[in-house]
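Asker: Pasting a structure below so you can have a look.
Protein chains: 2
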Amino acid sequence: MSNIKITIQYDGTNYHGWQIQPNRRTIQGELTRVLSLLAHHPVTIYGAGRTDAGVHAEGQVANFFTERDGDIQQLRDAINGNLDRDIRVVRAEPASDAFNARRSAIEKIYRYRICKDEVVSPFVYRYVYHYRARLDTDLMRLAASELIGTHDFTAFTVAHADTEDRVRTLTRLAVDESASEIAIIVAGGGFLRYMVRTIVGTLIDVGRGKRTAASVGETLLTRERSSAGPTAPACGLTLVRVDY
Amino acid sequence: MSNIKITIQYDGTNYHGWQIQPNRRTIQGELTRVLSLLAHHPVTIYGAGRTDAGVHAEGQVANFFTERDGDIQQLRDAINGNLDRDIRVVRAEPASDAFNARRSAIEKIYRYRICKDEVVSPFVYRYVYHYRARLDTDLMRLAASELIGTHDFTAFTVAHADTEDRVRTLTRLAVDESASEIAIIVAGGGFLRYMVRTIVGTLIDVGRGKRTAASVGETLLTRERSSAGPTAPACGLTLVRVDY
Chain A
2 MSNIKITIQY DGTNYHGWQI QPNRRTIQGE LTRVLSLLAH HPVTIYGAGR
52 TDAGVHAEGQ VANFFTERDG DIQQLRDAIN GNLDRDIRVV RAEPASDAFN
102 ARRSAIEKIY RYRICKDEVV SPFVYRYVYH YRARLDTDLM RLAASELIGT
152 HDFTAFTVAH ADTEDRVRTL TRLAVDESAS EIAIIVAGGG FLRYMVRTIV
202 GTLIDVGRGK RTAASVGETL LTRERSSAGP TAPACGLTLV RVDY
Chain B
2 MSNIKITIQY DGTNYHGWQI QPNRRTIQGE LTRVLSLLAH HPVTIYGAGR
52 TDAGVHAEGQ VANFFTERDG DIQQLRDAIN GNLDRDIRVV RAEPASDAFN
102 ARRSAIEKIY RYRICKDEVV SPFVYRYVYH YRARLDTDLM RLAASELIGT
152 HDFTAFTVAH ADTEDRVRTL TRLAVDESAS EIAIIVAGGG FLRYMVRTIV
202 GTLIDVGRGK RTAASVGETL LTRERSSAGP TAPACGLTLV RVDY
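Going down the list, the sequences are from chains A and B.
Take the position in the first sequence, starting the count at 1, then add 1; the result is the number in our numbering.
Take the position in the second sequence, starting the count at 1, then add 1; the result is the number in our numbering.
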């Protein structure tokens with residue numbers, strides 16, 4: 002059995018997220034179907050991170066074991082030939098048996114795009130959250146600095162989350178502004194469910210003056226979901242890269 | 002009656018082109034439906050150029066006369082509110098009564114994108130022609146220089162075209178290459194049916210060594226459609242801008 006690492010891009014608009022589910026079109030489900038078909042045996046796919054319904058990926062990573070031999074670029078092309086055009090395996094490479102896309106990951110980088118234009122272009126609407134009112138990015142950066150580092154992020158995940166350990170480390174939380182967009186870059190070793198989108202929703206609340214930058218640090222201490230801001234819409238979020 | 006100039010963007014993937022047709026989803030058809038609805042009277046829309054089925058626009062221009070008064074940005078937002086997200090009116094502005102989007106146009110600029118990557122990203126596949134074999138862009142530029150200027154372009158339009166005068170002026174035909182794409186920029190006062198895509202298909206034939214650069218000038222002289230190259234696929238073509 003060979004362990005194969007694949008790097009995947011997808012437009013998540015028409016998928017119910019990464020994780021395989023019965024009777025729903027998911028990224029892991031599509032890859033499982035195609036890989037099992039090509040390998041002539043059931044294939045289990047391990048993904049670096051579960052993206053939610055509607056979230057996109059420029060560099061999702063997964064691995065799987067297969068008995069199929071042969072040229073790995075031919076395998077990549079065969080997988081792509083059996084997938085819809087909105088999922089692509091952009092790279093396939095051999096990995097050591099110890100490699101696991103989730104457990105071996107050191108850092109994941111996400112980007113959240115907020116479009117400020119009055120009208121959103123038909124070429125980008127799937128990938129941005131349209132927010133026309135003014136956001137004060139200086140205040141958003143100040144609030145972001147409260148979140149960088151190692152904290153208990155209970156307030157920034159779903160209420161009553163199954164995960165017991167909710168301490169995570171944010172290595173980067175940057176707010177980049179251009180004429181038509183605000184991009185929020187979020188990097189860390191791991192994330193709780195909805196954590197990136199709740200951080201973004203809270204920063205937006207700061208940017209529009211609904212809460213102070215200082216209140217964001219206090220929110221961490223409450224460990225109450227209700228003290229954080231809303232979960233920002235999925236469409237604006239993209240998993241940019243997973244580092245190993 | 003006020004004359005209104007609108008600038009329109011569209012992802013042409015799911016449309017049967019610009020021109021209104023019965024029982025087919027077209028850009029002009031969608032705009033006619035929405036504008037007539039909002040104006041409470043039938044509205045005729047004049048477009049700068051008819052784009053074919055599957056062709057996109059970043060800056061199509063049209064005009065129409067309406068009895069509706071009121072704020073023009075509100076009109077723009079009302080139009081967009083009644084259109085699917087893959088068509089957007091990005092600008093609406095008052096025009097003089099003499100303005101006609103087609104007749105007043107001085108120059109139209111098109112871009113044709115050829116993707117050279119082994120795998121086409123899910124974020125761009127709708128907007129490029131995927132061509133993996135190597136193309137010699139120096140030869141393509143040499144061939145392009147044969148076409149710039151004023152010529153009878155009969156060989157580069159549909160056989161037995163209705164248009165009697167097939168003399169057109171190409172002001173620019175540039176071949177720009179980056180690591181993953183070749184972009185062919187085509188500018189001129191007016192174009193015959195399929196002319197841009199037939200020019201592109203002929204330049205691709207030169208780039209892949211199927212014909213010489215010099216043969217392209219000779220093709221103009223034959224005035225025979227059969228002596229030009231194939232019509233390149235619609236998806237790679239975008240109407241970038243119309244200048245007045």
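Ideal Cβ placement from N, Cα and C applies to all residues, glycine included.
Do the region 138-153 of chain A and the region 198-214 of chain A touch if we need at least three Cβ pairs shorter than 8 Å?
Answerer: Yes, the region 138-153 of chain A is in contact with the region 198-214 of chain A.
Asker: Going along chain A, which residues have a C-beta under 7 Å from Ser122/B?
Answerer: The answer, in chain order, is Gln10, Arg89.
Asker: Quick check: the Cα distance between Ala79/A and Leu39/A, rounded to an integer number of angstroms?
Answerer: Computed Cα separation, rounded: 8 Å.
Asker: Could you check the C-alpha separation between Thr223/B and Ala156/B for me, to the nearest Å?
Answerer: In a straight line, the C-alpha of Thr223/B is about 7 Å away from that of Ala156/B.
Asker: Within 10 angstroms of its Cβ, does Glu165/B collect 16 or more other Cβ (buried), or is it exposed?
Answerer: That one is exposed.
Asker: With 16 other CB atoms within 10 Å as the buried threshold, where does Ile107/B fall?
Answerer: With fewer than 16 Cβ atoms within 10 Å of its Cβ, Ile107/B is classed as exposed.
Asker: Note down, in chain order, all residues in the region 72-98 of chain A with a beta-carbon under 9 Å from any beta-carbon belonging to chain B.
Answerer: Within the region 72-98 of chain A, the qualifying residues are Gln74, Arg77, Asp78, Asn81, Asp85, Arg86, Asp87, Ile88, Arg89, Val90, Val91, Arg92.
Asker: I'd like to know whether the C-beta of Tyr245/B is nearer than 8 Å to at least one C-beta of chain A.
Answerer: Not one chain A Cβ lies under 8 Å of Tyr245/B.
Asker: Strictly by DSSP, which residues pair up with His57/B?
Answerer: DSSP, once it has assigned bridges, lists Thr239/B as partnering His57/B.
Asker: Expressed to the nearest angstrom, what Euclidean distance is found between the alpha-carbon atoms of Thr138/B and Thr199/B?
Answerer: Looking at the two C-alpha atoms, the distance is approximately 17 Å.
Asker: Quick one: is Tyr245/A buried, meaning 16 or more other Cβ sit within 10 Å of its Cβ, or exposed?
Answerer: With fewer than 16 other Cβ atoms within 10 Å, it is exposed.
Asker: Secondary structure at Asn4/B, three-state DSSP: helix, strand or coil?
Answerer: Asn4/B falls in the strand class under three-state DSSP.
Asker: Among the residues of its own chain, which have a CB less than 8 Å from the CB of His17/A, if the five just before and after it don't count?
Answerer: So the qualifying residues of the chain are Arg25, Arg26, Thr27, Ala54.
Asker: Mark Leu31/A as exposed unless 16 or more other C-beta atoms lie within 10 angstroms of its C-beta, in which case mark it buried.
Answerer: In the sequence on display, residue 31/A carries Glu and not Leu. That one is buried.
Asker: Can you list the residues of chain A that Tyr126/B reaches, using a CB-CB cut of under 7 Å?
Answerer: Near Tyr126/B (Cβ distances below 7 Å), the residues of chain A are Arg86.
Asker: Measure the alpha-carbon distance for Leu240/B versus Thr213/A and round it to whole angstroms.
Answerer: Answer to the nearest angstrom: the Cα atoms are 45 Å apart.
Asker: Going by CA-CA distance only, name the one from Cys116/B, Arg92/B, Arg127/B that's closest to Asp118/A.
Answerer: Asp118/A has its Cα closest to that of Arg92/B, out of Cys116/B, Arg92/B, Arg127/B.
Asker: Does the distance from the C-beta atom of Arg127/B to that of Thr14/B stay below 8 Å?
Answerer: The answer is yes: Cβ separation under 8 Å.
Asker: Given this structure, state the Cα-to-Cα distance separating Ser97/A from Phe154/A, to the nearest angstrom.
Answerer: Distance between the alpha carbons of Ser97/A and Phe154/A: 33 Å.
Asker: Taking the alpha-carbon positions, what's the Glu22/B to Val159/B distance?
Answerer: Here residue 22/B turns out to be Gln, not Glu, going by the sequence shown. One C-alpha to the other measures close to 20 Å.
Asker: Just confirm the distance between the C-beta atoms of Ile186/A and Arg173/A, as a whole number of angstroms; I'd bet it's less than 8 Å.
Answerer: Ile186/A to Arg173/A, Cβ: 6 Å. Contact.
Asker: Can you tell me whether Asp206/A is helix, strand or coil according to DSSP?
Answerer: Helix at Asp206/A.
Asker: Mind pulling the beta strand (DSSP E) runs of 3 or more residues that sit fully within the region 25-77 of chain B?
Answerer: Qualifying beta strand (DSSP E) stretches, in chain order: 57-67.
Asker: If I'm right that Arg114/A touches Tyr132/A with Cβ under 8 Å, what's the distance once you round it to whole angstroms?
Answerer: Incorrect: roughly 10 Å between the Cβ atoms, too far for contact.
Asker: Between Asp85/B and Ala49/B, what straight-line distance do the alpha-carbon atoms span, to the nearest angstrom?
Answerer: Those two C-alpha atoms are separated by around 21 Å.
Asker: So Glu94/A and Lys211/A are in contact, right, with Cβ under 8 Å, and what is the actual spacing, rounded?
Answerer: About 46 Å; that fails the 8 Å criterion.
Asker: Report back the beta-carbon spacing between Gln74/A and Ile46/A to the nearest angstrom; my notes put them in contact at under 8 Å.
Answerer: At roughly 19 Å, the Cβ-Cβ gap does not stay under 8 Å, so Gln74/A and Ile46/A are not in contact.
Asker: For Ala233/A, is the beta carbon positioned less than 7 Å from some heavy atom of the ligand ATP?
Answerer: In the structure on display, the ligand ATP does not appear, and there are no ligands present to speak of.
Asker: Per DSSP, Val1/B is paired with what?
Answerer: In the structure as shown, chain B begins at 2 and stops at 245. Residue 1/B is therefore absent and cannot be evaluated.
Asker: Looking at the secondary structure, which residues open and close the beta strand (DSSP E) in which Ala93/A lies?
Answerer: 88-96 is the extent of the beta strand (DSSP E) around Ala93/A.
Asker: Where does Gly1/A land, buried or exposed, given buried means 16+ other C-beta within 10 angstroms?
Answerer: Not covered by the structure: residue 1/A. The range shown for chain A is 2 to 245.
Asker: Name the residue from Phe66/A, Ile110/A, Tyr11/A whose alpha carbon lies nearest to the alpha carbon of His41/A.
Answerer: The candidate whose alpha carbon is nearest that of His41/A is Phe66/A.
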